[in-house]
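As structure tokens, the structure follows; a few thoughts come after it.
2 protein chains.
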Amino acid sequence: MVTIYDIAKACGFSPTTVSKALNGYSDVKEKTRRLIKQTADEMGYYPNSQAKALIKRKAWNIGVLFQDGENIGITHPLFAEILESFKKVAESHGYDVTFISNKIGDTRLSYLGHCKYRQVDGLVIACTDFYSDEINELLDSDLPIIAIDYSDERVSCVTTDSMAGMTLLYDHLYDLGHRDIVYLHGELTYITLDRIKALKKAAEKRGESFNDEQLIEAKYYSVKTGYSVMKELLQRDERPTAVMVCDDFTALGAINASIDSGLSIPEDISIVGYDGIQISQLLRPRVTTVKQDAEKMGALAAEKLVRLIEQKDEERETLVMLPSIIIGDSCKNKE
Amino acid sequence: MVTIYDIAKACGFSPTTVSKALNGYSDVKEKTRRLIKQTADEMGYYPNSQAKALIKRKAWNIGVLFQDGENIGITHPLFAEILESFKKVAESHGYDVTFISNKIGDTRLSYLGHCKYRQVDGLVIACTDFYSDEINELLDSDLPIIAIDYSDERVSCVTTDSMAGMTLLYDHLYDLGHRDIVYLHGELTYITLDRIKALKKAAEKRGESFNDEQLIEAKYYSVKTGYSVMKELLQRDERPTAVMVCDDFTALGAINASIDSGLSIPEDISIVGYDGIQISQLLRPRVTTVKQDAEKMGALAAEKLVRLIEQKDEERETLVMLPSIIIGDSCKNKE
DNA sequence: AAGTAAATCGAAATCGATTTCGAAATAATA
DNA sequence: TATTATTTCGAAATCGATTTCGATTTACTT
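Chains as they are written, first to last, in my numbering: chain A, 110 to 444; chain B, 110 to 444.
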């Protein structure tokens, strides 16, 4: 491994001068700077990020914490889209991205412990469940944090307006004539409760009501659960004319269950999803859904987090994005 | 930030003893060890990975390099499945996982430069194109590396047997009576050439031949390209009875193109994919495809890489996995 | 030529750990 | 009790950088 000491020896200057030359200090003669830079290149020198981080107290590293109910991690389509975009922007600002787990080797470590150990400069959290002690420990810490799809007074957040999203979908179904609607919601997390509340309000605005009997619990990003819950629903004496599902993946399960039950979509039953992940528009029928702009969410999250890290007076903020509706082929007028 | 110096001061021992107590050295009295551990807990101490890495010359960090033609990164379904599994196993061995890009801030940095800078202990590479100078620089370096879906004398690899995979698919179509088959292959990378060669052999074994006119270039994991290439193909005077596609995603494009052209699958044309990603079995029609066991590939890759890092006499090795065929609903007997 | 200002360089301290080796304290033995 | 062996501890060097501040050299003025 080539260090500044090696370079110093090779060209007869002190390590101090080498460091200064490579970091653009003004008190280095242009000629020596050239010499030092050249020999550094020739010797294949790369600064050691550890040594740098130790003295500068900055690791140029951002942690990522993903935790979903189904434990699918990075294969979660929405999270993956957000992370990919987040990563690109973070990298353009000079930060690397490292996954944060709650163990290191065989010993369990809290998430906060892991962050402190790895000395990440900031953290992005995307969880389906924000209510665990470990997450709260993070939210209470002074680590710069940006949370995805959540809202909390303690940290900055990037989220999509539930009211807008649920209203877009409900109104669409309402305008198609549907009154008998069921919502297959996800695990009862913050965001789920928020969406249910929004849904009820959206119904009220149209002079309807959305009752608890119209709610059925499914799981986020679980095709399997979407399938089984929908199967059960279809065995009832009276089936709804339209079904809203918590996300596009689970909606796919519901669609498959309908097809396997001999129904065709949208002729026999209308189904809408949520999130607008890429695959949702590649399926047949194309799912009618609400698009969360994952790319923009990831980019905004990264920009905000970088500001939180680099500017000490940057304040916490909840960035609420407005969703848009994607009209697919999974809904039809109720005749 | 709490350091061993703080702990030392707090309980009247030297930093040396604190370090030893926390690291299980035998020359520390049991009573002092307890005292030190307790105050470390109370003060919320976490070791600083940078300082540790600097002196121990080991970062407990593994780099991930993803590079695909479409630049979809982490949203690549197969890569995501492999990485998720890789990550879990790597973490269980105590390693964190960090993405490696080729820039740090606004200055471009070679991949190898980035690895040296971040001092990763090893690297996992999944690329569609292994032929760039930067990748070769990595393969020639002495960094422990595991490559996914590639084969190279310089590094260890985890790959799936192309011959077996292509034969499974070809034989399946052959047995269904198909003779007029087209292969929509991916970009002409190592693995693509390998598969084409395998396909030709598979045909020969059945007394047939697979000619270059039966090959059409598409792109990996590009639904769009699959769609457009298939559209073009269907405008020919005579369309094939079966189409093999380089992956399940691109196959989805081909399926959609067929449907939009008024064909139904598998009645009018049979289509097979490759990889067996999860979504492929959730679509209707379910795609007939060859399954690369992504979870196992990721796990094996991690285990091998950890061994390469930790055992100096561990030798390079190419782990070839046997694929299996998944019979879906996208193929039918040629009448 | 002398004095001042500016440019150029390097010694040493520092970041937070680990590890060697010697010193001191305690225990074991003669 | 004196001697030896064993525990227990800590001073100091080290990893690879950065940064302060003083020293030296060079350039500029009069």
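By construction, the Cβ of each residue, glycine as well, lies at the ideal position given by its N, Cα and C atoms.
At what residues does the alpha helix (DSSP H) containing residue i begin and finish?
| i | result |
| --- | --- |
| L163/A | S158 to K165 |
| D205/A | Unbroken run through D205/A is the beta strand (DSSP E), D205 to F208; no alpha helix (DSSP H). |
| E139/B | E139 to M152 |
| G114/A | Contrary to the premise, residue 114/A reads as Tyr rather than Gly in this sequence. I113 to C120 is the extent of the alpha helix (DSSP H) around Y114/A. |
| I300/B | Y299 to K314 |
Specify the secondary structure class of residue i as computed by DSSP and reduced to three states.
| i | result |
| --- | --- |
| K441/A | coil |
| E426/B | coil |
| I181/B | coil |
| Q390/B | helix |
| H281/B | helix |
| R217/B | strand |
| M353/A | strand |
| S194/B | helix |
| E347/A | coil |
| L372/B | coil |
| A256/B | strand |
| Y134/B | coil |
| D321/B | helix |
| V396/A | coil |
| D402/B | coil |
| Y240/A | coil |
| S379/B | strand |
| Y226/B | helix |
| D384/A | strand |
| K212/B | strand |
| E326/A | strand |
| S123/A | coil |
| M110/A | coil |
| I286/A | In the sequence on display, residue 286/A carries Gly and not Ile. If DSSP states are grouped into helix, strand and coil, G286/A belongs with coil. |
Determine the direct distance from the alpha carbon of residue j to that of residue i, and round the result to whole angstroms.
| i | j | result |
| --- | --- | --- |
| K167/B | R227/B | 11 Å |
| R348/B | L342/B | 7 Å |
| D151/B | Y259/A | Here residue 151/B turns out to be Glu, not Asp, going by the sequence shown. Going from the Cα of E151/B to the Cα of Y259/A covers about 31 Å. |
| K441/B | I386/B | 21 Å |
| M275/A | R304/A | 7 Å |
| Q69/B | I364/B | One cannot answer for residue 69/B here, as it falls past the ends of chain B, which runs 110 to 444. |
| Q244/A | V399/A | First, the amino acid is wrong: residue 244/A is Ile here, not Gln. Approximately 28 Å, taken between the alpha carbons. |
| S135/B | R143/B | 13 Å |
| G371/A | I374/B | 18 Å |
| V394/A | K421/B | One point to set straight first is that residue 394/A is Pro, not Val, in the sequence displayed. If you take the alpha carbons of P394/A and K421/B, they lie about 54 Å apart. |
| S318/A | A307/A | 12 Å |
| K146/B | S128/B | 10 Å |
| T269/A | S433/A | 10 Å |
| L409/B | L428/B | 8 Å |
| S367/A | Q390/B | 16 Å |
| S265/B | K328/B | 26 Å |
| R425/B | L247/B | 15 Å |
| S158/A | D115/A | 17 Å |
| Q176/B | I378/A | 42 Å |
| Y204/B | L221/B | 19 Å |
| S271/B | R345/B | 29 Å |
| H185/A | C236/A | 11 Å |
Is it the case that the Cβ atoms of residue i and residue j are separated by a distance below 8 Å?
| i | j | result |
| --- | --- | --- |
| Y155/B | K212/A | no |
| Y330/A | E193/A | no |
| M430/A | I257/A | no |
| I183/A | I209/B | no |
| T62/A | T125/A | The structure shown has nothing for residue 62/A, since chain A only spans 110 to 444. |
| V111/B | G153/B | yes |
| Q401/A | L218/A | no |
| D238/A | E326/A | no |
| G172/B | T207/B | yes |
Taking the beta strand (DSSP E) that residue i belongs to, which residues open and close that run?
| i | result |
| --- | --- |
| F175/B | N170 to Q176 |
| G231/A | G231 to C236 |
| S265/A | S265 to T269 |
| S433/A | S433 to I435 |
| Y292/A | I290 to H294 |
Please confirm whether any heavy atom of the ligand NAP lies closer than 7 Å to the CB of residue i.
| i | result |
| --- | --- |
| R416/B | Looking at this structure, you won't find the ligand NAP or any other ligand, since it has none at all. |
Between the segment 280 to 296 of chain B and the segment 248 to 267 of chain B, do at least 3 Cβ pairs fall closer than 8 Å? no
How do the segment 379 to 387 of chain A and the segment 350 to 363 of chain A stand: do at least 3 beta-carbon pairs fall below 8 Å, yes or no? yes
State whether the segment 159 to 177 of chain B contacts the segment 309 to 323 of chain B, with contact taken as three or more CB pairs (one from each stretch) at a distance under 8 Å. no
Evaluate the contact criterion for the segment 406 to 417 of chain A versus the segment 227 to 236 of chain A: three or more CB pairs, one atom per stretch, below 8 Å. yes
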